[in-house]
Each structure stands twice: as structure tokens, then as C-alpha cells.
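What follows is a short report on a single structure.
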Amino acid sequence: MSFLNPALLAFSAAVAVPILIHLLNRRRFRTVTWAAMRFIQASVEKNRRRMEIEDLILLALRCLIVGLFALALARPALRSATSFLQSRRVTAALVLDHSASLAAGDGAGTRFDLVRQAAEQAVDALPQGSSVSVFLAGDRVTAAVAEPSFDLNLVRKTVREATLTDLSTDHPVGIAAAVEALEGQAALRKEIVLVTDRQALGWRRLPEVAAMLQERARDVRLRVVFVAEPLEDNLAVSALSRPPGFVPAKEPVRFDAEIANRGASLVRQVRATLHINEGRPVDEVILDELRPGEVRRLTFFGRMPGEGFHAVSVRLPADRLPADDTRTLVVEAVKEVRVLVVDGDPASNGAFFLRNALQPVPAEVADSYYLQPQLGQVGSLGVARLSDFDAVILSDVPPLPATAVDNLTRYVREGGALLLFPGPQATAAFYNAELGTRAGLLPATLGALRGSPTGEGESPELVLQGSGYQHPVFALWNEPGAGSLAAVRFRAAWTLVPRPAVTNAVAVPGGDAPVSEVMVRFSDGVPAAVEGAVGRGRVMLFSSTAGTAWNDFPVRPAFIPLLHRAIASIADVQGGRFNVQAGGQVALRQPAELAGRDVTIVPPGSTERRWVRTLRAVPGASLLEWDETAKAGVYRATIAGRSTPLALFAAQPDPAESDLTELSSEQRAELERVGQVMDWTPGMDLRAAFDRERVGVELWLPLALAVLLLGMTEVWLAQRFSRPK
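First residue of the sequence shown? That's -16 in my numbering, and the numbers climb one at a time after it.
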């Protein structure tokens, strides 16, 4: 038993009042001589015992009424038997949501400001002697105070200094970190306090939270504190991309953006602008109207002012959620792309068609063209410095020595791009065993040979699918006027068997990516080309030759744009590595001579805050690795002695964060089965809400009802006892 208002127990002293009145009434009498007194005296002596008992009953009832009334004012609460002997102090883990949706505000402040205020109140609501750890969470967690601390002033300071990020929301991640922090604590009372907004996105894995608390934290109490009012209207730049291909300097480049209306109202005259390197708008599009829930795709054009890195942004007018009003893409404008072409059969024409497709310009301007192919020999693959090339193409190579396979493997795993066109010289045994099983380079295995390499016999020619291209390299041929790939004829092709659909966390730093993906199929559904991730690099495996030995693709107009798009989509210069979702990891290859040098990284919107990283040496190159990308925008990496940045890279918020749809009543009811849920507003007292739940069931209401019942009983008995006897 405990009391929420123990000071009011002093009113229990009022129990003495009925006793004093009783005693005083017994002394208030006078002696009167009366002749008939002897008859009354006889009657009194006869009923005295019964009257004394009746008076004592009324006295007891009156004392009990006063005592119970004083007890009700003190608000007693009954704890469970297991908690009765426990102290009230708590070991708590405070989880603050600092994801992108918390940037929403009303002009005077943001949702995150309310999160910090509510979190401070949650600290103040802890009983004396409690300890607290603090975690800042989105879809990744930062331990601001890793171990529970008894220094609550430090905890309050940490909460006040917490910063907002552009991470996505995933509450199970923060709750899991809090559970882990509390697992090693010997405290009898353990609590997790999560302070967040009501966005439904973060609870998409609510069943996992329930299972986690049930399996790992049965003795931990979860409290969820919701802040902020609903936000009805929001426009967002939900995507920004460019078609696969290189970005030549000072040439028009196309960019595609998606504008989404995440609100509940129709919006008119929406102006979206394209900016390069934070400059003035270079292009703009005005949407007449955008309906609720509608997503509109817009096209912009811009020119990069020179070679090197550039930041391209699409912006909307500012609204109440500024985090998604701008989206930025880093591109690298190139002057030269180096491609190594290795032909396994010098007598074939694979290298001829590849070289001419890579440089489809007159000979007099070939040296100034941005694509620079170089012919290589199979015998030199084991010792070639492959890191000097942006892509390597193997055309119909025979079985390679182990040194060549190892050199290719290192090159791809450290970020290189490899394209393979197997032909008559290829053997399935070597490809599958050495390049596939041992080196892990192949996204698919080679099966049986299909068709007739000589064109003789009754085997029908193979044709590519005519529509429905999903891969970015082939998506161009979905557009009207681009022609059809179904006109290409294949006399022979290897059967490609893609790897099982598993994930490889190394493929894309900071997230999972499919090991293999079918790029295009033949008309009968059999894969014709497969792409896969290998370490930090990528591999494309085609089923037929790059020359005309087995097909007529090289003499078709589509071969040139296909080859350019294929190389651009997997080479380092494509720029995909320079753009990650907020919280993702960046890994950029740099020249080998820079290994061991320190690089200074400046985060978005800052000129004073800087970090230093050392370039790590890898075979044939150095590597810049960075994972502090919680803030969306452009990061600049510079190195001493260079006037231009070593690299730019951009972090982009999760488009899903723009959806501020709140928990439904059904979802909230499910959450309430997992823990205590409350809605906080400025001025609300969290201490009372927490204390009420911590001590158990309050007894003031039953006591008040008992006082009322006893009062009615006392009145009825007093009237009954006063009747003539």
C-alpha cells in the first residue's frame, strides 16, 4: 500500500472529533427532583445496557466515516504482492525519436521540440534514486547515454542537446537497443519510455515489438508518449533520378523528379525548380493542380558547368515539413571513361564491334570522346592494373589462369564493373566452377547451349521480349519511338540460371541488395542477361556474344545505347555510390597513392563542424568510407593540397517519411496491449500518469463509496435508536 497524497493523512486526526462530542454529551446533565423519577429510573436501569451499545455503535460508525474520508483524500494505491517490498526507484531507457517526420512544425517550433520537452518531463517523473540511459532512434540508433546513469542532470542536458536527423522511422530498432541496455541491469523496476509522434510508419513492425518484449523483456514496462497534433497538408519531392548514362560536362542532361501530395487537400499552382550547386534555378515546372495522394513525374534539363562533382537539387516552396521539400542528387560530370576490352578470340569480331560501339564518332575526334576503350590481352589479365579502368569487358574469353581470376575478383569486390559476353570459347565448367563458385563473380550459372551456333539445323532463332522492360538499362525501350528489341535475332545463347533470391549486405553499404537480377528475357521467358552485386562492385552477364558470331545485335542501332547504358549503370562514374538514403554508408574508391591520407568531411548546412577520416588502403586503390549520413544534403570531402573537392556525396530522406498518416484506432488498440500509451501536450503532468501506473490500482473511489454507505447507515441507525422504547 502506498499513498499519492500522503500529507492528507493528517486529516485522520479528525477521528477524535466524534469521540470528544460523545464524551462531552455524557457530561452535560443536571439533577432534577421529581416524584415520578422512580418509575423512569426503573425504566432506564432496565434499558441502559442496550442504549450504551447503541451509542458505541454510532460512535464507531462516525469515527470510521471520518477515518475513511481522510484515507480517500490521501489516495491510497494497492501494489501487487511481488512489488510490495520493492523500492520505487526505476532503471529506465529513454528513447527519443529524431527521424525526419519530427521536423514538421507550426512556425513556432517543431515536433522534435515537443519530443525534447516531453522527454525532460519523463525524466522528472522518475522516482528519487532512479537511473536512465538515453537513445536517439530512427531506423538506426545512437546511444547518447549508453549505460543507465544516476546523474539525471546529465540526462536532462543530453535530452536538451539532442539533434534532429533525416533518418527513417522504425521503432523496433530503438526499442531493441533499450531492451539490450536493460537486460544486464539488476533493478526490479525496468521501463522503456519512447517519445515520438503518432506516425503509423514507425509501427509497421509492431508484432515484432510485442514478441521482443514477451521473449526478452517480460520484466520491462513499455511506455509510449505521443506528441504533436495531426498535419493535414504536405507536399514532397519523393524521388530524383536521371536515366542511366554518363554525364558529359557542359551538355544537356535529363533529370526526373516525382512530386507527391501527401496531404488531404487539392493543391494548385505547384512550382518545382531545378538547381545546380545551390545556384539559381536553371529549369522549372509548374503543376496546375495536384490531388490528394497523387504523385506526378516531372522532367528537368540542366548542364553541368564542368567536369567533376556537382549537386543537383529539385525544390518545392517551403511548407510545414521542410525535410522533404528538397531532394539532392550528386552527379559526376566526366571527361574520360576508361574501358578495358579483352577479346578471347582475336580472330572474332567481338572487340571490333565493342570498340566502335564505345566510340561511335569519326576517327579525328575519337581522342576527345569521353569513352576511351583500350584493347587488352587474355594473358595479361593476371598482372594488369585493373583499378585504372572504370569498366572491364570480357568478350568470349576461354578458361583463365587462377591469377587472372583473382585479379578480376579483387577489382570487382573493391568497386569495379565487369561485363561478360560468353561465346564459342567459353566453357560452362570453367565459368561455373572458377568464376562462379570459387570467385563468386557470376550472378548466374551457365546451363546448356540453346539454338545452333552455325545457324544450321531446325533450331528456331531466339528473340528478346518485346515490351515490359523493368531494368533501368532496358527501360529506354518502353518509350514510344525508341524501337523494339524484339527485332534482334539470336542463333545461339547460353542458358542463364540466376542465383537464388538471397541478400548480400556487403553489396550496398548500409543496406541489402539482391545478389542477382534478371535484366531482360527472351520471348520464352528464359533470362538473356543477368546483373549481380559482388562486394562493392557489380557484374553483368550476357547470354550471347558481343560480336556477330551468334547474333545480329551488334549491327542493330540499339546496340550502341545499350552498351553505353550498361557500362554507365555499373561503373564508378555512374554516380550511384555518391547517393545514399539518410543513414546509409558511403564507400568511394580513390587513387592508390592517397592511401593513409586524412580527408576532411563537411556535413550539409555547416561550415564549422568537420570530421576527419583516413583513406584505407585496398588492393590497387584507396577507399573513403563514411556512415555519418543521418542528415540529408550534400557532404563535401576535401584533402589538403587540392583546390577542388575529393568527392561529393548526398544523403536523401526516405520518401516514406513524407507520409504523416497517424496510427489508426485499431493499431493504437494493438499498441496498448503491448504497453502504456498516452497523448502528451505542453503543460501536461507526466508524473501523475506514470505514478498512477507504477503503483497499481488506486483505492480512493471504493473508499469514497464506503464513506457514503456508512453515512447512510449511521443516519438510519440514529433514527431507529431514537425511537421510543
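Glycine residues also receive a C-beta, built at the ideal position from the N, C-alpha and C atoms.
Asked	Found
How long is the line joining the alpha carbons of Gly494 and Phe632, rounded to whole angstroms?	Because the pLDDT at Gly494 is just 35, under 50, the model does not fix this residue reliably, and the point stays unresolved.
Only counting the same chain, and skipping five residues up and downstream in sequence, which positions put a Cβ closer than 8 Å to that of Val0?	Val49
Quick check: the Cα distance between Leu686 and Glu277, rounded to an integer number of angstroms?	58 Å
Alpha carbon to alpha carbon, what distance is there between Pro602 and Pro540?	39 Å
Can you say whether Arg703 is buried or exposed, counting buried as having 16 or more other CB atoms within 10 angstroms of its CB?	exposed
By how many angstroms is the C-alpha of Val569 removed from the C-alpha of Ala615?	13 Å
For Phe372 and Arg433, I'd like the C-alpha separation in whole angstroms.	33 Å
Buried or exposed: which applies to Asp637, given that a residue is buried once 16 or more other Cβ atoms fall within 10 Å of its Cβ?	buried
What residues in its chain sit with their C-beta under 7 Å from that of Gly423, if we drop five residues either side in the sequence?	Val517
Are Ala565 and Ala613 close, meaning C-beta to C-beta below 8 Å?	yes
Measure the Cβ-Cβ separation of Glu163 and Arg206 and say whether it is below 8 Å.	no
Could you give the residue range of the alpha helix (DSSP H) that holds Asp307?	No alpha helix (DSSP H) contains Asp307, which DSSP labels as neither H nor E.
If you check the beta carbons only, do Leu710 and Thr152 fall under 8 Å apart?	As shown, the chain starts at -16 and ends at 708. That puts residue 710 outside it, with no answer to give.
Using 8 Å as the threshold, is the C-beta distance between Glu315 and Val253 below it?	no
According to DSSP, is His745 part of a helix, a strand, or is it coil?	Coverage of the chain is limited to positions -16 through 708, which leaves residue 745 absent and any answer about it impossible.
For a quick check, are the C-beta atoms of Leu337 and Ser378 less than 8 Å apart?	yes
What are the boundary residues of the beta strand (DSSP E) that Glu655 is part of?	Looking at the DSSP string, Glu655 is not in any beta strand (DSSP E); the run it does join, the alpha helix (DSSP H), is Ser648 to Glu655.
Please identify the residue among Thr583, Ala411 and Leu445 whose C-alpha is closest to the C-alpha of Ala431.	Ala411
Run the CB neighbour count on Gly409, radius 10 Å, all protein chains shown included, and call it buried at 16 or more, exposed below.	The sequence given here places Ala at residue 409; Gly does not occur at that position. Classification of Ala409: buried, given that the 10 Å Cβ count is 16 or more.
Could you tell me which uninterrupted beta strand (DSSP E) segments, each at least 3 residues in length, are contained entirely in the region 90 to 127, listed from first to last along the chain?	114 to 120
Does Ser84 come out as helix, strand or coil in the three-state DSSP assignment?	helix
Taking DSSP's pairing of strands, which residues face Asn244 in a bridge?	Leu218
Please tell me whether, using a cut-off of 7 Å, the distance from the CB of Ala349 to the nearest non-hydrogen atom of the ligand ZN is below it.	Of the ligands one can find in the structure shown there are none, so the ligand ZN has no counterpart to examine.
For Leu47, which residues from the same chain have a beta carbon less than 7 Å from its beta carbon, with the 5 sequence-adjacent residues on both sides left out?	Leu693
Can you tell me the Cα-Cα spacing of Ala470 and Arg519, whole angstroms?	35 Å
Thinking C-alpha only, which one of Val117, Ala170, Val156 and Thr386 is nearest Thr146?	Val117
Among Trp609, Leu606, Leu629 and Asp38, which residue has its Cα nearest to the Cα of Leu6?	Asp38
Does DSSP put Met661 in a helix, a strand or coil?	strand
Taking the alpha-carbon positions, what's the Leu684 to Ala639 distance?	47 Å
Whose CA, out of Glu35, Leu54, Met34 and Arg321, lies closest to the CA of Ala689?	Leu54
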